[in-house]
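Novice: Each residue of the sequence shown is one higher than the one before, starting from 5 at the first, in full-length UniProt numbering.
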Amino acid sequence: QPFEQLKQMRDDITRLMLKYKFALDEMETKIEILKEEFKSLHDYCPIEHTNTRLKTPESIIKKLLRKGGVIAIDSIEEYVKDIAGLRITCSFISDIYRVSEILQKQSDLKILQVKDYIKNPKSNGYKSLHLLLEVPVFLSDRVENVCVEIQIRTIAMDFWASLEHKIFYKYNRSVPQRLLEEIKGAADTANALDHQMERLMHEVQTIKDSHHEDFEREQLR
Ligand code: 0O2
Numbered sequence: 005q006p007f008e009q010l011k012q013m014r015d016d017i018t019r020l021m022l023k024y025k026f027a028l029d030e031m032e033t034k035i036e037i038l039k040e041e042f043k044s045l046h047d048y049c050p051i052e053h054t055n056t057r058l059k060t061p062e063s064i065i066k067k068l069l070r071k072g073g074v075i076a077i078d079s080i081e082e083y084v085k086d087i088a089g090l091r092i093t094c095s096f097i098s099d100i101y102r103v104s105e106i107l108q109k110q111s112d113l114k115i116l117q118v119k120d121y122i123k124n125p126k127s128n129g130y131k132s133l134h135l136l137l138e139v140p141v142f143l144s145d146r147v148e149n150v151c152v153e154i155q156i157r158t159i160a161m162d163f164w165a166s167l168e169h170k171i172f173y174k175y176n177r178s179v180p181q182r183l184l185e186e187i188k189g190a191a192d193t194a195n196a197l198d199h200q201m202e203r204l205m206h207e208v209q210t211i212k213d214s215h216h217e218d219f220e221r222e223q224l225r
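Set out below in structure tokens:
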């Protein structure tokens with residue numbers, strides 16, 4: 005009996021993880037299509053690169069217990085919404101909202117939640133746009149709507165977040181005050197860089213547009 009139970013549990017977890025993997029595959033394809041379309045038909049692509057990750061069973065259980073859930077498949081799905089994670093890195097802040105809008109308009113995706121940590125950064129300085137959405141996954145005998153967490157951020161926000169994440173875990177979530185202040189300072193620097201880059205990009209775009217107009221005027225003469 006206990007052996008049968010263990011076998012059942014193993015099969016349930018395998019099925020669960022597979023479903024989230026397929027959801028990530030679907031989302032990755034969507035992003036690849038957008039990237040290729042932008043590169044072929046426009047002279048600019050708002051997506052720099054993407055990363056996907058499936059939470060490990062260990063990390064799922066940790067988050068589940070932290071959120072007060074019990075160890076059961078239904079409870080996992082109720083409490084842990086970021087089993088499947090897709091991170092999209094963009095060059096500019098305006099690109100983040102552009103990509104988010106494109107995804108929000110796709111009719112097969114159901115947007116469950118939007119958390120804008122860019123307009124409302126966390127107290128440590130964390131910035132990113134988070135979308136929680138459901139994507140349909142077509143299996144052999146049914147369609148499952150699977151939850152995926154999308155994090156959209158700039159290169160500077162990503163650089164900051166990856167270091168902050170390492171420090172946070174290195175100090176087991178209790179980072180010394182001095183380091184916290186430095187981390188916040190680094191977030192402010194990253195934010196200043198993002199705004200400076202955005203301004204520069206607009207300036208370059210304006211020059212490009214006026215050259216283009218001059219060129220067209222020349223052609224008409
Ligand atoms: P991992 O290792 O990246 O998977 P939570 O705050 O996680 O209890 P919720 O509602 O799931 O609850 O959180 P939220 O705010 O949507 O954030 C989920 C994910 O965003 C995190 O997943 C991180 O990846 C990222 N994130 C959120 N806040 C921070 C932050 O302050 N610093 C960094 N570096 N990343 C952050 P996990 O599961 O925490 O981690």
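Ideal placement from N, C-alpha and C gives every residue a C-beta, glycine not left out.
(1) Would you say N149 touches the ligand 0O2, meaning its beta carbon is less than 7 Å from a heavy atom?
(2) Would you decide whether residue 4 is buried or exposed? Buried here means 16 or more other CB atoms lie within 10 Å of its CB.
(3) Measure the C-alpha to C-alpha separation of V152 and K119 and round it to an integer number of angstroms.
(4) Between which two residues does the beta strand (DSSP E) carrying D120 extend?
(5) Say yes only if the C-beta of H199 is nearer than 7 Å to one or more non-hydrogen atoms of the ligand 0O2, and no if none qualify.
(6) Between the region 93 to 107 and the region 158 to 177, can you find at least three pairs of beta-carbon atoms closer than 8 Å?
(7) For E168, verify whether its CB is less than 7 Å away from any heavy atom of the ligand 0O2.
(8) Are there any heavy atoms of the ligand 0O2 lying less than 7 Å away from the beta-carbon of G89, as far as the coordinates show?
(9) Would residue 2 pass as a contact of K23 if the rule is Cβ separation under 8 Å?
(10) Evaluate contact between the region 99 to 110 and the region 64 to 83, counting only Cβ atoms and requiring at least three cross-stretch pairs below 8 Å.
(11) Could you check whether K131 and N195 sit closer than 8 Å to each other, using their CB atoms as the reference points?
(12) Can the beta-carbon of V141 be found less than 8 Å from the beta-carbon of E30?
(13) Got a sec: does the ligand 0O2 put a non-hydrogen atom nearer than 7 Å to the Cβ of A191?
(14) Whole angstroms are fine: how far does the CA of I17 sit from the CA of R203?
(15) Can you find the residues in the same chain that come closer than 8 Å, C-beta to C-beta, to D112, ignoring five residues on each side of it along the sequence?
(16) How about L136 and K85: do their beta carbons lie closer than 8 Å?
(17) Taking only three categories from DSSP, how would you classify I92?
(18) Rounded to the nearest angstrom, what separates N124 and E62 at their Cα positions?
(19) According to DSSP, which residues form a beta bridge with N149?
Specialist: Straight from the coordinates:
(1) As a first step, residue 149 is located in the sequence shown; it is residue number 145 there, counting from the start. No, the Cβ of N149 stays beyond 7 Å of every heavy atom of the ligand 0O2.
(2) The question about residue 4 has no answer, for the chain in this structure spans 5 to 225.
(3) What you label residue 152 is simply residue 148 of the sequence shown in a count that begins at 1. What you label residue 119 is simply residue 115 of the sequence shown in a count that begins at 1. Straight-line Cα distance between these residues: approximately 14 Å.
(4) Start at 1 with the first residue of the sequence shown, and residue 120 comes out as number 116. Element bounds for D120: K114 to D120.
(5) As a working note, residue 199 is residue 195 in the sequence shown. False, no ligand heavy atom lies under 7 Å from that Cβ.
(6) In short, these stretches touch, since the Cβ pair count reaches three.
(7) Residue numbering aside, residue 168 sits at position 164 when the sequence shown is read from its first letter. It does: the Cβ of E168 is within 7 Å (strictly closer) of some heavy atom of the ligand 0O2.
(8) Taking the first residue of the sequence shown as 1, we reach residue 89 at position 85. True, at least one ligand heavy atom lies under 7 Å from that Cβ.
(9) The displayed coordinates of the chain run from 5 to 225. Any statement about residue 2 would go beyond what the structure contains.
(10) no
(11) Against the sequence shown, residue 195 aligns to sequence position 191. Against the sequence shown, residue 131 aligns to sequence position 127. Annotated as proximal: N195 and K131, with beta-carbon spacing under 8 Å.
(12) In the sequence shown, residue 141 corresponds to position 137, counting from 1. In the sequence shown, residue 30 corresponds to position 26, counting from 1. Contact flag set, yes.
(13) Sequence index remark: in the sequence shown, residue 191 carries index 187 (1-based). Because no heavy atom of the ligand 0O2 lies under 7 Å away, the Cβ of A191 does not count as near it: no.
(14) Position 199 of the sequence shown, counting from 1, holds the residue named residue 203. Position 13 of the sequence shown, counting from 1, holds the residue named residue 17. For R203 and I17, the distance between alpha carbons rounds to 48 Å.
(15) Residue 112 sits at position 108 when you count from the first residue of the sequence shown. V139 and P140.
(16) The residue labelled residue 136 in the question sits at position 132 within the sequence shown. The residue labelled residue 85 in the question sits at position 81 within the sequence shown. Result yes, Cβ atoms of L136 and K85 sit closer than 8 Å.
(17) As a position in the sequence shown, residue 92 is number 88, starting the count at 1. Strand.
(18) Position 120 of the sequence shown holds residue 124. Position 58 of the sequence shown holds residue 62. If you take the alpha carbons of N124 and E62, they lie about 30 Å apart.
(19) Your numbering for residue 149 matches position 145 in the sequence shown. Looking at the DSSP assignment, N149 forms a beta bridge with P140.
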